[in-house]
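Sequential numbering from 1 applies to the sequence shown in full-length UniProt numbering.
Just so it is clear, CB atoms sit at the ideal spot from N, CA and C, and this is done for glycine as well.
Keep in mind it's a predicted model, so treat the numbers as computed, not measured.
Read through the structure below, which is laid out as structure tokens, and then see the notes.
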Amino acid sequence: MRSLVGLAVVVTAASLYLYYLSLYLPAGPRRRPRPGPEAEHVEGGESERSSDTSGELSRLKFPSDLEELRELAELLQFYKKEHTGYVLLLFCSAYLYKQSFAIPGSSFLNILAGAIFGPYEGLLLACVLTTVGSTMCYLLSQAFGKHYIVNIFPEKVSMLQKKVEDNRDCLFFFLLFLRFFPMTPNWFLNMSAPIVNIPITFFFCSVFIGLLPYNFICVQTGVMLSEVSSLDDLFSWQRLLQLLAIACVALLPGALIRRLSQRRLKLSVQNGLDADKKGQ
Numbered sequence: 001m002r003s004l005v006g007l008a009v010v011v012t013a014a015s016l017y018l019y020y021l022s023l024y025l026p027a028g029p030r031r032r033p034r035p036g037p038e039a040e041h042v043e044g045g046e047s048e049r050s051s052d053t054s055g056e057l058s059r060l061k062f063p064s065d066l067e068e069l070r071e072l073a074e075l076l077q078f079y080k081k082e083h084t085g086y087v088l089l090l091f092c093s094a095y096l097y098k099q100s101f102a103i104p105g106s107s108f109l110n111i112l113a114g115a116i117f118g119p120y121e122g123l124l125l126a127c128v129l130t131t132v133g134s135t136m137c138y139l140l141s142q143a144f145g146k147h148y149i150v151n152i153f154p155e156k157v158s159m160l161q162k163k164v165e166d167n168r169d170c171l172f173f174f175l176l177f178l179r180f181f182p183m184t185p186n187w188f189l190n191m192s193a194p195i196v197n198i199p200i201t202f203f204f205c206s207v208f209i210g211l212l213p214y215n216f217i218c219v220q221t222g223v224m225l226s227e228v229s230s231l232d233d234l235f236s237w238q239r240l241l242q243l244l245a246i247a248c249v250a251l252l253p254g255a256l257i258r259r260l261s262q263r264r265l266k267l268s269v270q271n272g273l274d275a276d277k278k279g280q
């Protein structure tokens, strides 16, 4: 009971912090006046700008589909011009909130990172935040959730424990394999890692390296999302070749890991975890 109260306090504090951070949305950069007679009505434009600010505040929410993602990306790109620090803090806080509490939808935030911060800064940011957020989930599980996770997922934890013990001599390599080819969801691996005695150093490094291809694909998707204005642009030969190159780069590490895993890892008994993967 004490662990549930502690977890509730952490979740409540994090939620209030994120909520109040969104309330301090700074004044946006001045928009360029539209050509034509509308540009003459300066006072009217100022009043419209203030009403737009309140409307933009209501748009600060986690995206649930591609259209909401595009709108949020445009809004944050607009604010990033003069309030880079605020946008960075807001994005990092929202990302860590999702990762720490194992809330689905981090792929949307990876795409958003590419749309807002570009291919290189976005990829670095996504990898760092994924790793830090997953580690925070590890620590929260270690502090508050061990008993409950074992009771809720006894078979999954038992199967993962067996595979970890079978591959204890090459544990880091096994963790990389799980990230490249998830036989169990990433959120479950984050929460159950301290229960099956995976060292936090191995866990931290395996998340950063193992999710790099996935983050790379999402960030590059976000970059293209911010550049295309229609479906014709998306399905042009240039974009299709770019997508092919991205897929090849992202799949190469996984192919190497799979080839090496046939020699080093003990993965013969996979029915429990594979069945779990199919059921997700």
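Quick one: Cα of residue i to Cα of residue j, how far?
i: E82; j: N197; result: 46 Å
i: M191; j: S3; result: 15 Å
i: E68; j: F62; result: 8 Å
i: N151; j: L160; result: 15 Å
i: S51; j: L75; result: Summary for S51: the model assigns pLDDT 45, below 50, so the residue's position carries little reliability, and this model does not support an answer.
i: G210; j: L176; result: 5 Å
i: V10; j: G118; result: 32 Å
i: Y19; j: P213; result: 32 Å
i: S93; j: Y24; result: 14 Å
i: S158; j: T130; result: 26 Å
i: S206; j: L123; result: 16 Å
i: L60; j: R179; result: 31 Å
i: E155; j: D169; result: 23 Å
i: V132; j: L189; result: 15 Å
i: T84; j: N167; result: 45 Å
i: F144; j: G105; result: 23 Å
i: F174; j: M183; result: 11 Å
Just confirm the distance between the C-beta atoms of residue i and residue j, as a whole number of angstroms; I'd bet it's less than 8 Å.
i: N110; j: V219; result: 6 Å
i: L112; j: G222; result: 6 Å
i: C137; j: S100; result: 5 Å
i: F208; j: C127; result: 6 Å
i: V87; j: K80; result: 5 Å
Would you kindly report the start and end of the unbroken alpha helix (DSSP H) that includes residue i?
i: R179; result: 171-180
i: E71; result: 66-80
i: P213; result: 212-227
i: H147; result: 146-152
i: A143; result: Counting along the chain, A143 falls outside any alpha helix (DSSP H), and DSSP gives it neither H nor E.
DSSP three-state call for residue i: helix, strand or coil?
i: E43; result: Residue placement at E43 cannot be trusted, given a pLDDT of 44 that sits under 50; what the coordinates show is reported in the next sentence. Note: E43 maps to helix in three-state DSSP.
i: L25; result: coil
i: T184; result: coil
i: V11; result: helix
i: L60; result: coil
i: I103; result: coil
i: I195; result: coil
i: P35; result: At P35 the pLDDT is 49, less than 50, meaning the model places this residue with poor confidence and gives no usable figure here.
i: N271; result: Interpretation of N271 is limited by its pLDDT of 43, a score under 50 that renders its predicted location unreliable; no figure is taken from the coordinates.
i: G85; result: helix
i: G118; result: coil
i: N110; result: helix
i: N167; result: coil
Determine the closest residue to residue i out of the options, with distance taken between C-alpha atoms.
i: S226; options: L178, V9, A14, L66; result: L66
i: Y17; options: K80, E71, L96, Q77; result: L96
i: S22; options: L7, C205, L90; result: L90
i: residue 281; options: Q77, V164, V9, S106; result: Nothing about residue 281 can be reported from this structure: the residues present for the chain run from 1 to 280 only.
i: I200; options: F172, E155, I103; result: F172
i: residue 281; options: C170, F174, F153; result: Because the chain here runs from 1 to 280, residue 281 falls outside it and cannot be looked at.
i: L7; options: E121, K146, K162; result: K146
i: A193; options: D169, S134, N215; result: S134
i: I217; options: A115, N167, D169, R168; result: A115
i: G120; options: P26, N215, P104, C170; result: It should be noted that the sequence gives Tyr, not Gly, for residue 120. If we check each option's Cα against that of Y120, N215 comes out closest.
i: Y148; options: I195, A73, R70; result: I195
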